[in-house]
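Note sheet for the following structure.
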Amino acid sequence: MKKLVLAEKPSVGRELASVLGCINRGKYLEGPSYVVTWALGHLVTLCPPDSYGEKYRRWSLGNLPMLPEVLDTMVIEKTKDQFELVKSLLDRDDIESVVIATDAGREGELVARWILKQAECTKKTERLWISSQTESAIRQGFENLKDGKDYDNLYYAAESRSYADWYIGFNVSRAMSCHFDSRLSAGRVQTPTLALITEREDEIESFAGKFYWTIRADFGRFKASYYTEENTVKIQDEEKANSLYTSLKGKTGKVVSVKKVSKTEKPPLAYDLTELQRDANMILGFSAKQTLDTLQRLYEVHKIVTYPRTDSRYITDDIVPTFSERLAALKNTDFAPLCPAVTDIRADLTRLVNNAMVSDHHALLPTEQPVDVSKLSFEEKQLWELVISRFLETLSDDYEYSTTTVEIDVEGCLFSARMTMPDKQGWRDITRRMGRRFSTSVEDDSEFGLYGLKEGSEVTVNDVELKRFATMPPQRYTEADLLYAMEHAGRLVDDSELRKRLENGLGTPATRADIIEKLIQNNCMERKDGFLVPTAKGRELVRLVPPQLKSAELTGQWEKRLYEISGGKESEKPFIEDIKKNAADLVKEVVANRDTYDPTRMGDPKHVCPFCAWPMAKVLDAEGRVHYVCQRFSCGYEEMIIKKQIKDKVLLAKSVVKESHYRRAERKTEKTERSFGSDSGNGGGTFADFIRASEERKKGRKH
Ligand SMILES: [Zn+2]
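Numbers 695 to 1397, taken from the numbering used here, label the letters of the sequence shown in order.
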């Protein structure tokens, strides 16, 4: 008898197969004890609303809320063949059990469980749970297969997540689209995320700028800044700034205090996905998705980093003995001279090693697979360097520095200057020696001329510098900022009890990049010069959506309950019942909204619907072709731009994908008029009459 191994995708399946000694059998791999096959991400999904009855085929407010008692699954049409293959292998008589080897996380569990459910497989299951893709990790994983039942709660949480998204997403999106007659798609995580972006835009717009002034005195050896009575360098009053500027030059001051403070800064924790996405965005300019994709290749193809979709920045104590192998794997890279010998690790590891802070996967680490940098693409190398730098930092000493602050009194005016000097570079040495710049290292206003100054020394103001600044509006979000805001959505919540429950933030680390991409695809926001900017449509959507759905609170509460379900502390049923109730309430709230969607707020759109003059949104289809979709829901007109190559010229042509509802209605009347033309009383049924009638209708529509 053999075991069937179900991987998440082909590349991983082939890796597992090679370790298990399986050989190619065409569409799957087989060896003496294992058969290896794979999904292609999800092969099974939840049925759309129309499969729960004819009435749901039509989008109408009368049919809402849609709350089918049980949600069914179905095979995804596009990857149907792969599902059939997996099913045929599951059904084989010589297969006694299944090893679930999909991604070791909530969504991966769902991929496998839905396939087994759809295939009506009742064979025993085991779970492969590994954090790296190296040969030894795979081998060890197979030696320690877990009982599949141990992951039931994880499956329930995953399933609950998908049900919640179905009930909320379909109901609210349909309610919004019908009620406001505009294509609006809302969702459990995407809407509060979008609200973060639009609220920032509102703040920027309502921002009223002011001027302030600063004064710096040049004392010859050093410069110092003037501090107001409120202990800030910002002088709000222009007259006061001017009078200080003219009166201080040439005056003598006295050093009133010299204070030296020594400080230490502990090494940072290792990376989890979100933290790496943020740093990669800030330092390398990567998008969140680009980081995840690149990291996935480092994990799967090169096998030199551990499991990417982790939300932990800690490691478990059983990792510590593996440091030597992980460091040895770097010996042919530029990092070699920086790798401490294991006996020489001087870091205090008590913070990093924390079993309680690791749930599914530990922080991102290098694996023990020797690294050949020449095999990495430029992108991969850059990201890998970040991961390694951080790993080496966590194994390094504290950074120690001292700050000297000098205060000078010039005729009752207080000036202050500061000097920061590193005493021991510690973990900061890693990035310093790798030549990467960190803005937080030595402070910019360091005045090395402060050496040797003593209390009581007299100094003279040689010159005075007056500068005017304007207060700045809050900045738009970069992807790094947004990831941070999503992760810490709890910070925006006032209720401290709730804040605690919101620790998980908006979405999960694994899904945050997708949410950002989805909002861009749906024309709710766009990337502009490295910032995320809401579109007019996105702002209208947030303006009209029920307030609950745009707050982080509701989503945070749900996320927290999903977490409880995965830990076996809550069951699926009451959660789903609450979600259904919520969906119904949200629909009611949408319908009760007396506001209307305002297409003119969309600015001056480049593309306007030829039938109803509403703005059209640009969308890309799966093949990357440009579509323009009328945003008026009841119109529905959609056209596609097709490229035609004629000899050496590329011509653009339009092709109607979906006809406007208005055009369809028009044709219907035309037809009726044609067949009953002679009786219509419009005077005959000639072709000319028909054209005239049609023209008049068009005119009527324009007014
Ligand atoms: Zn239209």
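C-beta atoms are modelled at their ideal positions from N, C-alpha and C, and glycine is treated no differently.
Where DSSP assigns a beta bridge to residue i, which residues make up the other side?
| i | result |
| --- | --- |
| Met1310 | Cys1324 |
| Tyr1171 | Leu1226 |
| Asp785 | For Asp785, which the question treats as bridged, DSSP gives no partner whatsoever. |
| Met1115 | Ser1096 |
| Pro1060 | Val999 |
| Gln1339 | Val1344 |
| Thr731 | Leu700 |
| Phe1109 | Tyr920, Ile1102 |
| Lys840 | Arg821 |
| Lys954 | Thr1098 |
| Glu724 | Ile717, Val729 |
| Trp907 | Ile929, Arg1162 |
| Val1036 | None; Val1036 has no bridge partner. |
| Gly947 | Val1153 |
| Met1334 | His1321, Ser1349 |
| Met760 | Met760 is not bridged to any residue. |
Hey, is residue i close to ligand 1, as in C-beta under 8 Å from one of its heavy atoms?
| i | result |
| --- | --- |
| Tyr1291 | no |
| Arg1440 | Residue 1440 lies beyond the residue range present for the chain, which begins at 695 and ends at 1397; the question has no answer from this structure. |
| Phe874 | no |
| Gly835 | no |
| Ser1354 | yes |
| Trp1308 | yes |
| Phe1305 | yes |
| Cys815 | no |
| Tyr1331 | yes |
Could you check whether the Cβ of residue i sits closer than 9 Å to any Cβ belonging to chain C?
| i | result |
| --- | --- |
| Thr985 | The chain labelled as chain C is not found in the depicted structure, where only one protein chain is given. |
Nearest-angstrom Cα distance between residue i and residue j?
| i | j | result |
| --- | --- | --- |
| Ser1369 | Arg1357 | Below a pLDDT of 50, predicted positions are generally treated as unreliable, and Ser1369, at 49, falls in that range; no measurement from the model is reported. |
| Met976 | Thr985 | 12 Å |
| His996 | Glu1073 | 13 Å |
| Ser941 | Ser1006 | 57 Å |
| Gly1378 | Tyr857 | Any reading at Gly1378 must be qualified, since the residue scores a pLDDT of 36, below 50, and its modelled position is unreliable; the value itself is stated next. Rounded to the nearest angstrom, the two C-alpha atoms are 58 Å apart. |
| Pro1031 | Arg1020 | 14 Å |
| Glu709 | Gln1119 | 42 Å |
| Ser1135 | Arg1122 | Its pLDDT being 39, under 50, Ser1135 is placed unreliably in this model, and the coordinates cannot settle the point. |
| Asp1208 | Asp1315 | 16 Å |
| Leu734 | Lys703 | 5 Å |
| Leu1248 | Thr1061 | 39 Å |
| Ala902 | Leu890 | 20 Å |
| Asp987 | Leu967 | 11 Å |
| Arg1233 | Thr892 | 6 Å |
| Ser854 | Gln884 | 17 Å |
| Leu1108 | Gly863 | 59 Å |
| Gly1143 | Thr1114 | 12 Å |
| Lys945 | Gly1150 | 16 Å |
| Thr828 | Ile1124 | 26 Å |
| Asn925 | Leu888 | 38 Å |
| Ala1307 | Phe1269 | 44 Å |
| Gly707 | Leu698 | 11 Å |
| Thr1202 | Gly1146 | 53 Å |
| Glu1253 | Tyr861 | 15 Å |
| Thr816 | Leu784 | 9 Å |
| Arg1395 | Leu1177 | Any answer about Arg1395 is weak, because its pLDDT of 47 lies below 50 and its placement is not dependable; what the coordinates show is given next. Going by the C-alpha atoms only, they are around 46 Å apart. |
| Ser1053 | Glu899 | 42 Å |
| Arg1319 | Lys1025 | 47 Å |
| Glu959 | Tyr1093 | 5 Å |
For a minimum of 3 consecutive residues, which ranges assigned as the beta strand (DSSP E) are wholly contained in the region 1210-1297? 1219-1222, 1225-1228
Quick check: the region 808-822 against the region 776-796, are at least 3 beta-carbon pairs closer than 8 Å? yes
Report yes or no: do the region 947-956 and the region 1092-1112 share at least 3 C-beta pairs separated by less than 8 Å? yes
Any contact between the region 1225-1235 and the region 912-919? By contact I mean 3 or more CB pairs, one from each, below 8 Å. no
The region 928-943 touching the region 893-908, judged by at least three CB pairs closer than 8 Å: yes
The region 1234-1241 touching the region 1199-1215, judged by at least three CB pairs closer than 8 Å: no
Can at least three beta-carbon pairs, one atom from the region 1263-1278 and one from the region 757-768, be found at a separation below 8 Å? yes
At least 3 beta-carbon pairs within less than 8 Å: the region 955-974 vs the region 1065-1083: yes
How about the region 737-752 and the region 715-725: do they share at least three Cβ pairs that are nearer than 8 Å? no
With three or more beta-carbon pairs closer than 8 Å as the criterion, would you say the region 1248-1263 touches the region 841-852? yes
Between the region 768-778 and the region 838-847, are three or more C-beta pairs nearer than 8 Å? no
Contact the region 745-755 vs the region 860-875: 3+ CB pairs below 8 Å: yes
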